[in-house]
Structures are given as structure tokens and as C-alpha cells.
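2 protein chains.
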Amino acid sequence: MEGTVKCSANYLPLTPISFLERSAVVYRDRVSVVHGDLKFTWSETRERCVRLASALHHLGISRHDVVTVLAPNIPAMYELHFGVPMAGAVLCALNIRHDSAMVSLLLKHSGAKFIFVDYQFLHVAKAALEILLKTSSKIPQLVVIFDHARSSSRVDDNMTLTKENLEYESFLASGRPDFEIIRPHNEWEPISLNYTSGTTSSPKGVVCSHRGAYLNSLAVVLLNEMPSMPVYLWTVPMFHCNGWCLTWGVAAQGGINVCLRNVTAKGIFECIARHRVTHMSGAPTVLNMIINAPSDDRKPLPGKVVVTTGGASPPPMVLFKMEELGFNVTHAYGLTETYGPATVCTWKPDWNSLPHDAQAKIKARQGLQHLGMEDIDIKDPETMQSVPPDAKTRGEVMFRGNTIMNGYLRDSKATEDAFKGGWFRSGDLGVKHPDGYIELKDRSKDIIISGGENISSIEVESVIYSHPAVLEAAVVGRPDDYWGETPCAFVQLKDGCNASAHEIIKYCRDHLPHYMAPRTVVFEDLPKTSTGKIQKLILRRKAKEMGSLTTTSKL
Amino acid sequence: MEGTVKCSANYLPLTPISFLERSAVVYRDRVSVVHGDLKFTWSETRERCVRLASALHHLGISRHDVVTVLAPNIPAMYELHFGVPMAGAVLCALNIRHDSAMVSLLLKHSGAKFIFVDYQFLHVAKAALEILLKTSSKIPQLVVIFDHARSSSRVDDNMTLTKENLEYESFLASGRPDFEIIRPHNEWEPISLNYTSGTTSSPKGVVCSHRGAYLNSLAVVLLNEMPSMPVYLWTVPMFHCNGWCLTWGVAAQGGINVCLRNVTAKGIFECIARHRVTHMSGAPTVLNMIINAPSDDRKPLPGKVVVTTGGASPPPMVLFKMEELGFNVTHAYGLTETYGPATVCTWKPDWNSLPHDAQAKIKARQGLQHLGMEDIDIKDPETMQSVPPDAKTRGEVMFRGNTIMNGYLRDSKATEDAFKGGWFRSGDLGVKHPDGYIELKDRSKDIIISGGENISSIEVESVIYSHPAVLEAAVVGRPDDYWGETPCAFVQLKDGCNASAHEIIKYCRDHLPHYMAPRTVVFEDLPKTSTGKIQKLILRRKAKEMGSLTTTSKL
Chain R
1 MEGTVKCSAN
11 YLPLTPISFL
21 ERSAVVYRDR
31 VSVVHGDLKF
41 TWSETRERCV
51 RLASALHHLG
61 ISRHDVVTVL
71 APNIPAMYEL
81 HFGVPMAGAV
91 LCALNIRHDS
101 AMVSLLLKHS
111 GAKFIFVDYQ
121 FLHVAKAALE
131 ILLKTSSKIP
141 QLVVIFDHAR
151 SSSRVDDNMT
161 LTKENLEYES
171 FLASGRPDFE
181 IIRPHNEWEP
191 ISLNYTSGTT
201 SSPKGVVCSH
211 RGAYLNSLAV
221 VLLNEMPSMP
231 VYLWTVPMFH
241 CNGWCLTWGV
251 AAQGGINVCL
261 RNVTAKGIFE
271 CIARHRVTHM
281 SGAPTVLNMI
291 INAPSDDRKP
301 LPGKVVVTTG
311 GASPPPMVLF
321 KMEELGFNVT
331 HAYGLTETYG
341 PATVCTWKPD
351 WNSLPHDAQA
361 KIKARQGLQH
371 LGMEDIDIKD
381 PETMQSVPPD
391 AKTRGEVMFR
401 GNTIMNGYLR
411 DSKATEDAFK
421 GGWFRSGDLG
431 VKHPDGYIEL
441 KDRSKDIIIS
451 GGENISSIEV
461 ESVIYSHPAV
471 LEAAVVGRPD
481 DYWGETPCAF
491 VQLKDGCNAS
501 AHEIIKYCRD
511 HLPHYMAPRT
521 VVFEDLPKTS
531 TGKIQKLILR
541 RKAKEMGSLT
551 TTSKL
Chain Y
1 MEGTVKCSAN
11 YLPLTPISFL
21 ERSAVVYRDR
31 VSVVHGDLKF
41 TWSETRERCV
51 RLASALHHLG
61 ISRHDVVTVL
71 APNIPAMYEL
81 HFGVPMAGAV
91 LCALNIRHDS
101 AMVSLLLKHS
111 GAKFIFVDYQ
121 FLHVAKAALE
131 ILLKTSSKIP
141 QLVVIFDHAR
151 SSSRVDDNMT
161 LTKENLEYES
171 FLASGRPDFE
181 IIRPHNEWEP
191 ISLNYTSGTT
201 SSPKGVVCSH
211 RGAYLNSLAV
221 VLLNEMPSMP
231 VYLWTVPMFH
241 CNGWCLTWGV
251 AAQGGINVCL
261 RNVTAKGIFE
271 CIARHRVTHM
281 SGAPTVLNMI
291 INAPSDDRKP
301 LPGKVVVTTG
311 GASPPPMVLF
321 KMEELGFNVT
331 HAYGLTETYG
341 PATVCTWKPD
351 WNSLPHDAQA
361 KIKARQGLQH
371 LGMEDIDIKD
381 PETMQSVPPD
391 AKTRGEVMFR
401 GNTIMNGYLR
411 DSKATEDAFK
421 GGWFRSGDLG
431 VKHPDGYIEL
441 KDRSKDIIIS
451 GGENISSIEV
461 ESVIYSHPAV
471 LEAAVVGRPD
481 DYWGETPCAF
491 VQLKDGCNAS
501 AHEIIKYCRD
511 HLPHYMAPRT
521 VVFEDLPKTS
531 TGKIQKLILR
541 RKAKEMGSLT
551 TTSKL
């Protein structure tokens, strides 16, 4: 329109960097990060991040260079989420459960210029660099992070600093506090690179933009009903989708980041009581850990704690028990490609009058897109037709919006496949309820096809979870001569509890159609990714290795 | 980065239209708008807005055409905030206090194609169109809105519908519910045009973009600590900066819009009790109305009500009394050019232990930029140097960010002046406190310069407000032979209260440096804009007309 103009007064690229800049003024003297007895304020955190950016810049890091980090939820990990983008670079936080071979592969694929490593993972990083040296002459600069909240951190075996390795605090000290931070020219520029956790396929490098990160951070703050100055407990790994975007989101609201190196029930209860935690997040496994905590490890909650869970549907029993303890559970769902949370099962007040198990069934739904995501649909992946909202017809969950990744790094083919038809194809299968809410019916590979019938492993697991002796369960398909596949349950019992395979099977037959009940039950500790997802890939392999069941008729 | 792509799956222009689209699914059966006994749900509101867009499109409205409206806070006014942008057009909501001459001028300046008019203002619109006809052959199409919540609405004198005039409900009915809405190609495109209220100069047309409206809506939701499904009482006129962006913000959170044709204390208390209102906003005059309500008009609050106030600093007494009644007051500040609220006086928990009047002093500060605004500063308008944070040095309040207007319609010169130096110059004067919070020390013209000393009229008013007999006060400069200017107070006393000019002057001298005390006190009802701002321009004129005071020495 005539008379208007786009200029530096009215147009700036969206970036989470702005959250820190603002909080360093508004909340300047309030606590930003706490880790054991170590505490920083927002103005200190900003200064540390600026120094970090300056030091990176000084050592030649330039726009869009990749900086990796291998660390648990410690203050340095938080600072890297701002310091790296403030140098114009791209943060790539690696999963701390990776072995050296995988770390080496990801360093190579990302073309990383730096690797920041927590002292506990130094041996992994060093071995990865050695592998890398065999095929490349350029290896990333290593910076070791000691944990100043732990006196033991310096005496670890791996602690010997060679002269070519830098140490985090000295590195920071070498940076200038008045460094002019490097902002994106364009909000579409990358801020982070997150490798998919690879439970079902080889890792892909998800490129996230400043714009997407900004918008998803605000959406996640709203989804968590997070007011200003929340106290957030870091039980979700920051390397998992940048802590579901709450690394940036907590800065937006000037909250307190309570760091936690090891996620244990005792640690969670202690932090909640000590810091008066208001918000936390975690996979259902984390909730499970909480509700099954021995009484010695528990402490009463100082107030309501809002917990956002995702990564898998929370089983009804887990929900009940969490609410009984005083937690307020919200269920969200998303993928690395959606910057973490993309949907939320928005709770309607009318549902409070429903019976408890009906409530739990609704809460286990993935719901609808959050405020930052434009659109969600469940479509036939071939025809792109929407499925009817009949709670029965399955289709693929698809998204459109500004909180969808820019694409997969150096994999145009995978990017193209993911965006075919103008929607992001999640690979997850689900149904649409008459009220529009979606419900996952399994990751594509988690469906067990038995005698031509699709069996949702989630449904079977949900029943097994409700058995009083069961701590955790995962169900996969086992080859079967007659039926093709039959459900095989891996079950971990609670300490001091007993149940036989026969009992579990009977329990399932009492609560499910017979064909859905497992034919095999294995008792063991379940393998998990560091983000708490049960590694079904491993279980699927195990089930395969058991060999075919020979059955000739229906159970 | 290699492998990435920008496409319809991962990039969509930001627009508040998305809020309605999402809420029509997530909150489909929940109440969206309530007005008397009339109620709509979010899916109904969406359908009505789509029909409205379709009907406009059918009558030839195309991208960036201007559609005006002259109406109080009724459902149609709310619907126009979505229906007009969904036709690709630009909404221009006019101040209902304007006379026909001003309406005619704004219709001409904006090049409006439509004018939607509430039945109560039909005579104003008709007279405006008649004026317009004298100089132009093209006049906007008129659509009359009857108030279905009022049986009297159809029997008004002005209700005779001529055949060339349309009626709102029939107009909607003529639109298609399956109309494909017209989204912006680019988020920079205009969504609304808001004429500045013109307390100090001739109205200018502020052009707002879809991007800015989206971002400011989220920022205002966060600033109000508004969770999902709030109940919002419309005491701020929607024609004022699109209801401080909460027309769109309440849709984002799936809240209930409680409409209110006339803002009275009785109406406010009734609505709060009946609808269990959680949030509302208003100029300090609205708060004043609440605290001075006769006891018959009051009802107990059903719960905490969050009130955001702005437009002028809330006087301490008003704050105390509001809090006593159970309201939780947040102070925000902004201008039409900043889409309404731009700053918020974020309340720190440490301040709760301060004495009441220290708290009120802090709360009267404008604070710092909200989450959607990039930057705020107080600068010397000549040198562009920041003033020191000494709570004393004055400068001009300046902003930068995505929630600053695109510019002034057809006034490149004014746009250029406003953005000179790469910042938006607010024209307001203020100081910066040591903690970074800003405090207005008067709109530029509100400073009284007396014997070379600057007197802040706000400071003088603040003292007068604390006098027990005073309902409202405004202080302007009156010409003075000796001092140049001296403060002249216009005071409205509470019903049944008495105070002499002498008493008021003495009270000020007891609480202020003597030179700041008014030399003239006039008792009268204060003239106000419809947004509750006291019209100082009129008072300044009156003070001038009184003629010069003849004083020869200090009081």
C-alpha cells in the first residue's frame, strides 16, 4: 500500500536469539540456569553466550558452519543453544547414547568444525575423532566441558587435556563480552541440525530454521500453559529436538532452567522440591520412573507440576498415577522434523466429568496441531485423500506449516519424498476421531499383521501396562508359520512382583479380541534410546531371532 | 543448506486467519462469541466469517481493498476482523465517536469500498456518505448491522432500509460456506488500517500487516498470561488497534468473546459474574469506573480477573482499589503504530514485599518490550544516543520490531519521519530506570515548561488522583505572563464529594515541589475519546482561552 516501507524499524528476521536478548534485560538479575549449587542469572547467561559466540568467531567459525555437542543437560549445553547461533553457526546436538562409530559418522556427515564434549563422554568423542582421522585430514576442534557442579569432574581418567584440546570455561573467557552477535540475514537460515534418533532407519540430518525455531518455541510455551518466569526441570534431553524447543522457550519466558545430569526418580523429586519446579516434560518412561519410585526417593510436590509427555502415548495407568501424585499431564506429539511437539491433546473442561478410564483414553490421543503448526491431516498416502473422521480408517499423519524442517541435509531425495504432495509425511499411521482429534495407531513399522488383520502394538501394550505387576511393556511381531506374524510381548515387571507368561496372555485375552493377545511373552529389561523411547528395532530383531512359532489354528 | 527446499509443506505466510481456522476445529463446539442471549460456537463463527468473505468477494471486493466498519463491540464487529481479511481485503475500524465530517474524510482517505454500520450509528454514516457524494461519484456500499440481542434495534428511527442498502445477516446468508478463503501471498500484505485517534494531530492511516498482527496477537496473549479457553470481556473498543490485537488473540486461544455494547460499571460487573470472565482490558478510565461503581451496580467477582491497562499510566489509588476488589492489574503501553500493546511492566515477585505505594509507583512504569517487539530504547531524538538509565534523563521512546506498522497510508513523508534513523519514533518522552524499565514522562506535548523547568503533567495528575475527593484529573499548561506556562488542573470530583481549588492546590504543594503545583483548578467533567483517553487537546485549548495568568513571583 502506498506510503509504506519495509526497513530496519519494522522488519527483523525472527530468531530465538531475540528471546535471550530480551530476557537479559527484563529478567536480568533473575536465575536463568541452576545446576547443583551453580547458578547463573539471565544477564550472566547472555554474557557467557556472547563470549562463546565471540570465541567461535575468533577461531574461524562463520555463517552456517556446524558446531556439534555431546553432553547431557548441563549449563554449557544450554548456553550452546544461543552461543552457537549468535556466531551465525548451526548447532548440532548429538545423542549421548551414540557410540564412537555413530558419532564419527555424524561428524563427517554434518561437516562439523567443532565438537564440544562433556567430560563423561570424552572417550566416545576421542575414539570418534580417531576413526574420522583415518578417512579425513580435517577433524573438528574439540572443546572439553568439565562439570563445575561436580568436584569429581576433573579427576576422571579421561581428563588429561592435550594441548590441542580446549577447555570450555577458558574458551569462554577468551571471547569478548562486547562481541557484536551475528544475526541471520534471513529467518529461513539454519539454526540447528538434529539427527533423527534412528529407531527405524539410518539417521537423517534435519535442518531447522531460525523462523521455525522461533515459532515453535512460542507454540510450545503456549502448549505448556507456561506463564512468565516458570521453573523448568530438564528431564527431556536438550539433544532431543533442542529440548522440544524449550531451550529457547524457557528463555522467552525468563524462566529458571533446572539442569539434571542423570534422570532418576530421586533426582526428579529432589529438584522439584528444592527449586519449586512448575513445568517438566518427558517420554512416558520418565513418568513411569516417577510413579514407580521407591518411597524413600519421593518428596511431596510443593505445587502443581505441569508435565508434557510425548514420544509415545502415555498408558492410562501411568496417567492416573501421575495425576494422583499431583502432576498435571498434557500429551503432545511430534517428530524431529517438526522441531519436537507439533500437536497437543487440548483438554476440554467437559471431559472432567467422564469416568477415569474414558479420560485416559482421550488423553492418550495426539489431538490437533498446536498454535505454531498450520495444518494436520490424516491422508491416504497414495491418493492424498483425507480419511473420514470415523476413528477407524487409518491413514498417514501429515503436516503443513512453518514449524516443519527445511529438509534433510545433503539428502534431496529424502527431502523430496518427505514433502511429496505439498505436505510433510510423518510416516506415522493414525485415525481421526469425530471431534477431529487424531490418534496414532502405530508408527508404520509398529503394526503387526496377523492373519491379514492389523494389530496395533500400542493397543496391546496399553492393556499389558494396566496389569498390576507390569512396569513396562513393548509388543512387536514375531514370525509365525500360520499367521504370518503374532504379537510378542517384552515385559519388565515391577520390583518384587511376579507374573507368568500364561497370566499375561490370559489377561490380554480377557481385555482384547483374542487374535490381538500375545502368543509369546519375554521377561526382560527393555532397551531404550536416551530419549526414553523403547528401541523396538532391537526387540523386533530379537523376536525374529526366536524363529517362527508353529501354530495351526486360532488360540 | 544443501538438501533443503522451501515449499508449501514448510513455509506459509503468517496470518491471524490461521487462528480461526485452527480454533474452528480444536474448539469447534465451544462458545466463541456471546452477546446478551446470543451465542455462537467457533465452528459457527468460522462459517459466518467465510460467508462474509464470500459475499464481499461476490460484490467485487478484491485484494487490498478497504472495508470500513462503524460499530461498538458487537458480534458482527468481531466477525469483520476475520471475514474481511479472508476476502483478501483490509479492515478499517472507525472510532464510533467520530462525527460525520470525520467519517467522510476517512472514507475518502482510505478509498473504502464498503462501510458496515451498526444501527445506532447509521445517521452518522448516512450523513458522511452525503458529504462524500458532494465531491465523489463513487461512494462505499453500506451494510447495516441490527443488534439481534436487542429487540429495540429494528424500531429505531434510522432503521428504514432503502433498497440500495444491505442488511448484515442477509448479506452473510448470501455468502457461500464453502468459499475458498483468500490468504495473503506474502505475510507483509496489509490486514488492517487503523486511523490514529488524533488527540494531538490530524488522523493518520496506520497500515498493519498479517505478519505483525499474527506476532502481536501471540505477544498480547502471552503478556496477558492468557491460557487456552480464556473468557474475555470486551471493554476495550475493537476499533482501537483491533482491540489491542485481542480480536485475533482470543481466537488463537479458543476463548469466549463477551461482547458489550456500552461500557458501564453495571454492565462490567454483570458480565464478569454471568460469564465468569477471566480477562479484560481498558484505559485507567475504565478501572476508575469500576472502583467508583455504586454498590448496587457491583457483584462479587467469581474468580481472579486479569486486567491489562494502558493508554495512560494508572494512578496509584486506582491500582490499590482494583487489587482490593480482586482484579490483577498489568500495565502495558503502546500506540496505534505498534498494533496496540508494545511494552509490559513485567511484575517481579520480589516486588510483592515492597510497601503498597512503592509497588504502585513501579506498576505505573511502562516496563520493557513484550515478546513480539524486538527492541525498545529511549534516545536523544537528534543524536540517536541512548539516554543513561538514571531515571532522570529524558529522551524519546523508540521501537524496532516486527510489530511496528508498515507505514502511514498515502503519507510517505510521515512514514519517513517516523522511521528516521532506523527506529520508530513514538513521539512520547520518557526516562529509563536503572533496571532498564522505561517510564513515560509525558507525550511530547504534555510537558509543561514553567520558568525553564519541565513539569510532567503525569506526576502532577498522579498526586491529584490520590486526593480522596477526586474522581479524575488532567493537567495542562496555561499561559503565564511571568513563568511562560503554569500547570492548570481540570478536576472531576466524585459524586457527593467536595473540595475547593485552594484545597487541591495546597494538597499538591504538600506532595510536590512548589513549582509543580497547579496555579489554576477547574472543576468539570473531563472530555474523553471513545477509547477513554482524556482529550488534552481540548483542555489545552480551554486553558489557553482563559488567558494569561499574571503572576510576579514564586507562589
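Quick note, the sequences are listed as chains R and Y, same order.
Everything in the first sequence is counted per UniProt numbering, starting at 1 for the first residue and increasing by one.
Everything in the second sequence is counted per UniProt numbering, starting at 1 for the first residue and increasing by one.
Beta carbons: idealized from backbone N, C-alpha and C, even for Gly.
Can you tell me which of the options puts its alpha carbon nearest to the alpha carbon of residue i?
i      : options                        : result
R:I447 : R:Q359, R:G427, R:D435         : R:G427
Y:K266 : Y:G451, Y:S295, Y:V475, Y:M229 : Y:S295
R:H433 : R:R63, R:G451, R:R394          : R:R394
Y:T247 : Y:G484, Y:P13, Y:I17           : Y:I17
R:N292 : R:L325, R:A273, R:L301         : R:L325
Y:N95  : Y:P349, Y:C241, Y:F40          : Y:C241
R:M384 : R:F419, R:N194, R:C92, R:E189  : R:F419
R:A332 : R:Q120, R:I438, R:C7           : R:I438
R:P300 : R:V277, R:D350, R:A252         : R:V277
R:E189 : R:T196, R:E169, R:G212, R:V470 : R:G212
R:S462 : R:A469, R:I455, R:A473         : R:A473
Name the two residues that bound the continuous beta strand (DSSP E) containing residue i.
i      : result
Y:P302 : First-last for Y:P302: undefined, no H or E at that position.
R:H35  : 31-35
Y:R540 : Per DSSP, Y:R540 belongs to no beta strand (DSSP E); it is in the alpha helix (DSSP H), 536-545.
Y:Y78  : Y:Y78 -> not in any beta strand (DSSP E); alpha helix (DSSP H) instead, spanning 75-83.
Y:D428 : 424-432
Y:F40  : 38-41
R:H279 : 279-282
R:D118 : 114-118
For chain R, check one thing: does any of its Cβ atoms lie closer than 8 Å to the Cβ of residue i?
i      : result
Y:V476 : no
Y:G401 : yes
Y:I181 : no
Y:R509 : no
Y:A252 : yes
Shorter than 8 Å from the beta carbon of residue i to some beta carbon of chain Y?
i                      : result
R:S201                 : For R:S201, the predicted model reports a pLDDT of 46, less than 50, meaning its position is unreliable; a value from the coordinates is still stated below. Answer no: the Cβ-Cβ gap between R:S201 and chain Y never drops below 8 Å.
R:T4                   : yes
residue 582 of chain R : Not covered by the structure: residue 582 of chain R. The range shown for chain R is 1 to 555.
R:H356                 : no
R:L409                 : yes
R:M77                  : no
R:M384                 : no
R:D157                 : Here the model assigns R:D157 a pLDDT of 46, short of 50, so the residue's position is not dependable, and the following value carries that caveat. No, R:D157 lies away from the interface with chain Y (no Cβ there is under 8 Å from its Cβ).
On the DSSP letters alone, give me the boundaries of the alpha helix (DSSP H) that residue i sits inside.
i                      : result
residue 573 of chain Y : For chain Y, the structure presents residues 1 to 555; residue 573 of chain Y sits outside this window and is missing.
residue 560 of chain R : What is shown of chain R runs 1 to 555, which leaves residue 560 of chain R out entirely.
Going by the C-beta, is residue i closer than 7 Å to any heavy atom of the ligand ATP?
i     : result
Y:M77 : With respect to the ligand ATP, the structure shown offers nothing to examine, as it has no ligands at all.
Just to confirm the assignment: which complete alpha helix (DSSP H) runs, minimum length 4, are found wholly within the segment 366-410 of chain R?
none
If you scan the segment 289-332 of chain R from start to end, which runs of the alpha helix (DSSP H) of 4 or more residues do you find wholly inside it?
316-325
The segment 218-237 of chain Y / the segment 51-60 of chain Y touching (three or more Cβ pairs under 8 Å)
no
Any chance you could list the beta strand (DSSP E) runs of at least 3 consecutive residues sitting entirely within the UniProt domain "AMP-binding enzyme C-terminal" (459-533) of chain Y, in chain order?
470-480, 484-493, 520-523
Counting only runs that start and end within the segment 201-264 of chain R, where is the alpha helix (DSSP H) found for 4 or more residues in a row?
210-223, 241-244, 246-252
Check whether the segment 233-241 of chain Y and the segment 104-121 of chain Y touch, using three or more Cβ-Cβ pairs below 8 Å as the test.
no
Contact between the segment 395-405 of chain Y and the segment 339-358 of chain Y (3+ Cβ pairs under 8 Å):
yes
Whether or not the segment 59-79 of chain Y and the segment 283-300 of chain Y are in contact is what I'm after, with contact meaning three or more pairs of Cβ atoms, one per stretch, closer than 8 Å; do they touch?
no
Please confirm if the segment 376-395 of chain Y is in contact with the segment 201-215 of chain Y, defined as three or more CB-CB distances below 8 Å between the two stretches.
no
I'd like to know if the segment 85-105 of chain Y and the segment 137-145 of chain Y are in contact, where contact means that at least 3 CB-CB pairs between them fall below 8 Å.
no
Would you call the segment 408-416 of chain R and the segment 447-467 of chain R in contact, with 3 or more CB pairs under 8 Å?
no
Taking 8 Å as the threshold, find out whether the segment 64-72 of chain R comes into contact with the segment 36-50 of chain R through three or more Cβ pairs.
no
Is there contact between the segment 481-492 of chain R and the segment 515-529 of chain R, where contact requires at least three CB pairs shorter than 8 Å?
yes
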